[in-house]
Amino acid sequence: MDEYSRGFEDALDLVNDYMERCKDKLPEKFVLQIKEIIQEAKDKKIAELKKDFLLTNGEISAVKDKKDKKSRK
């Protein structure tokens with residue numbers, strides 16, 4: 654992952670954290686729009702990763718299961 658992509662992801666995480674902390678103080682419509690933008694960016698990143706690795710949903714699940722089993726040990 655390049656520096657720009659990592660910085661963009663960090664920025665999205667910061668905005669998401671801020672939105673969660675201040676959601677009661679901000680207009681609901683604004684919060685929902687920002688959350689939608691963040692989700693679209695995450696979905697786009699996932700689609701890019703799937704394309705890069707040519708993984709199907711079943712293969713991704715298998716990879717996650719293996720990773721979860723290793724982390725439990």
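First residue of the sequence shown: 654, per the numbering used here; consecutive thereafter.
Don't be surprised by glycine CBs; every beta carbon is placed ideally from N, CA and C.
None of the values given here were measured: they were computed from a predicted structure.
DSSP state of residue i mapped onto helix, strand, coil
i	result
Asp705	helix
Leu679	coil
Asp655	coil
Rounded Cβ spacing between residue i and residue j (contact assumed at less than 8 Å)
i	j	result
Ile687	Val668	7 Å
Rounded straight-line distance, which links the Cα of residue j to that of residue i
i	j	result
Met672	Leu702	26 Å
Asp655	Glu662	11 Å
Leu735	Lys697	Outside the displayed span of the chain (654 to 726) sits residue 735, for which this structure offers no information.
Lys676	Glu689	14 Å
Ile691	Ser658	14 Å
Leu665	Lys704	22 Å
C-beta neighbour in chain D for residue i, strict 7 Å
i	result
Met672	Of the protein chains in the structure, only one exists, and it is not chain D.
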